[in-house]
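Number of protein chains: 2
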Amino acid sequence: MVALVDTGLLGDAPALPERVELQLRERILAGDLRPGTFLRPDRLAVELGVSPTPVREALQALRADDMVRALPRRGFVVAPLDRADVVDLFDVQARITGELAARAAGALDAEGLAGLRARAAEVDALIEAGEPGDLAQAERRFHAALNRASGARKLAWLVGRAAHYLPPRFYTDRRAWRTATVAAHRTLLDALAAGDPDTARAAMEGHVLDGRDLLVAHLEAVGFWDET
Amino acid sequence: MVALVDTGLLGDAPALPERVELQLRERILAGDLRPGTFLRPDRLAVELGVSPTPVREALQALRADDMVRALPRRGFVVAPLDRADVVDLFDVQARITGELAARAAGALDAEGLAGLRARAAEVDALIEAGEPGDLAQAERRFHAALNRASGARKLAWLVGRAAHYLPPRFYTDRRAWRTATVAAHRTLLDALAAGDPDTARAAMEGHVLDGRDLLVAHLEAVGFWDET
DNA sequence: CCGCGACAAATCCCATAGGATATGGTCGCC
DNA sequence: GGCGACCATATCCTATGGGATTTGTCGCGG
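Residue numbers (our numbering), protein chains in the order written: chain A, 1 to 228; chain B, 1 to 228.
See the structure below:
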């Protein structure tokens with residue numbers, strides 16, 4: 001337990017179930033726990049060094065996300081997920097995220113735009129410097145701020161779920177993604193400043209679909225959908 | 001505990017956390033627990049007659065759905081949800097469900113079409129007879145079968161989430177919904193039989209948006225978004 | 001009168017133990 | 001070899017307890 005607790009920053013650190021949930025997501029997306037794998041709560045508790053209670057809570061959260069499925073009295077299984085599923089999901093994500101960008105283009109005031117520029121600048125700076133951990137976080141904050149600026153609270157949450165399928169730091173290492181991201185952000189910000197919803201939408205959709213392609217390649221590489 | 005356990009059919013009955021989750025969803029959508037309401041796990045456990053453990057697991061599942069939000073060390077709150085949120089969510093639902101119908105139009109074989117017709121006939125029969133409980137279940141099965149027929153597993157799950165926002169039996173009582181549903185299903189089945197994706201998509205989108213309007217009216221009626 | 005700090009009570013969060021129940025495997029039997 | 005009954009194992013839930021943190025109250029000083 002010490003290992004897990006110590007990694008979490010204090011303050012308003014998420015509780016244990018949420019951290020266990022994150023750990024399990026990472027292990028699934030890393031190809032460590034592939035679809036069809038049986039998950040035994042007690043076993044996982046021992047592996048993670050916590051009691052069964054928070055593990056079961058985390059598994060319930062993952063079940064609500066259809067990341068795992070519950071087999072009453074038999075445990076849990078990692079939910080099936082193939083290439084077509086990922087493509088479908090990210091098509092939806094791209095559409096919604098584009099819609100949010102378009103709305104933001106019409107709703108942003110000067111202050112909000114300045115905030116977005118600042119966050120984008122942080123991303124650019126980290127790309128220049130090469131700090132992978134903070135870069136993912138900065139990119140996340142940029143998108144979160146943009147989605148929030150759209151004013152569509154629930155849709156913003158919905159697209160935030162896409163992050164559940166993004167293994168940590170897997171795209172920040174790709175040179176292609178870095179250069180594409182800088183360009184996409186600039187196009188996006190220009191469109192937002194100009195109040196041009198269509199361009200903002202198109203730029204954002206392209207940005208998300210780039211991420212999708214990278215994710216598919218990653219899952220391919222770790223043998224995610226090799227038959228069990 | 002007896003009350004909850006006895007209501008569940010044996011066999012592959014969902015486990016207790018899932019049933020508690022359902023109960024909480026119903027109470028939220030009934031306007032009993034409005035957005036902003038604090039939820040105390042221990043209190044809920046006493047109210048529902050179960051121990052705190054499955055209640056906490058249910059709350060974690062609801063958190064993953066953004067139905068409630070966790071305040072570390074302080075409990076949980078019912079997540080904010082206003083009219084615009086519901087409209088946005090169901091716009092997305094309508095789009096995706098329409099897409100699934102369009103795909104099904106191209107993928108259905110004779111056997112699958114016959115199965116869908118059978119399920120639609122069940123719905124029609126129950127509408128004639130007037131069995132509200134079974135009707136909701138039959139309607140659910142019809143849509144589930146159609147979504148499954150599209151072949152898009154993950155999108156089918158995603159739209160299945162819309163049911164989380166549908167209070168049980170709230171639309172089966174509406175005469176307007178019944179007549180509209182019979183017509184919508186027929187149009188849908190004809191389009192599927194003819195292999196006409198565009199008509200299928202349009203019919204399905206309209207069907208979902210009808211449900212959305214009913215839901216908004218329901219939430220209105222129970223004072224869901226009256227300020228706290 | 002109002003803000004503010006300390007103490008007390010309540011509550012959450014997690015661990016642990018234990019019992020009821022269902023599953024899967026194994027052995028004996030036909 | 002196929003089939004049905006026992007048995008070990010694991011899940012699921014209950015109950016309990018303790019550590020940690022938040023909230024509410026009280027008293028004090030400004």
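Glycine residues also receive a C-beta, built at the ideal position from the N, C-alpha and C atoms.
All figures in this text were calculated on a predicted structure; none of them were measured in a lab.
Taking a C-beta distance under 8 Å as the contact criterion, R95(A) and P80(B) do not qualify as a contact pair.
In its chain, beyond the 5 residues on either side, A138, E139 and F142 have a beta carbon closer than 6 Å to the beta carbon of V123(A). DSSP, read as helix, strand or coil, puts V78(B) in strand.
Counting only residues of its own chain and dropping the five nearest sequence neighbours on each side, V20(A) has a CB closer than 7 Å to the CB of L48, V50, P54, V55 and A58.
For V20(B), the uninterrupted alpha helix (DSSP H) segment begins and ends at L16 to L29. Taking the Cα positions, L189(B) is about 40 Å away from L33(A). Spanning the alpha carbons of F90(A) and R40(B) requires a straight line of approximately 36 Å. In the three-state reduction of the DSSP assignment, V50(A) falls in the coil class. Assigned with DSSP and collapsed to three states, R95(B) falls in helix. Straight through space, the alpha carbons of W177(A) and P167(A) are spaced by roughly 15 Å.
Taking 8 Å as the upper bound on Cβ-Cβ separation, chain A lies near residues L89, V92, R95 and I96 of the region 89-117 of chain B. The criterion of a C-beta distance shorter than 8 Å is satisfied by G36(B) and V77(B). Against chain A, the CB of W157(B) has a partner CB under 8 Å away; the residue lies at that interface. Excluding sequence positions up to five before and after V68(B), its CB lies within less than 7 Å of the CB of L39, L59, L62, F76, V77, V78 and A79, all in the same chain and listed in chain order. Here P197(A) is buried: its Cβ has 16 or more other Cβ atoms, across all protein chains shown, within 10 Å. The straight-line gap separating the alpha-carbon atoms of D210(B) and A136(A) is approximately 41 Å. Excluding sequence positions up to five before and after I28(A), its CB lies within less than 7 Å of the CB of M67 and V78, all in the same chain and listed in chain order. Straight-line spacing of the CA atoms in A84(B) and A64(B) works out to 21 Å. Flagged as an interface residue toward chain B: T53(A), by a C-beta distance shorter than 8 Å. Check the Cα spacing between A194(A) and each of R25(A), D88(A) and A105(A): the tightest is with A105(A). Judged by DSSP secondary structure, A203(B) falls within the alpha helix (DSSP H) whose first and last residues are P197 to A221.
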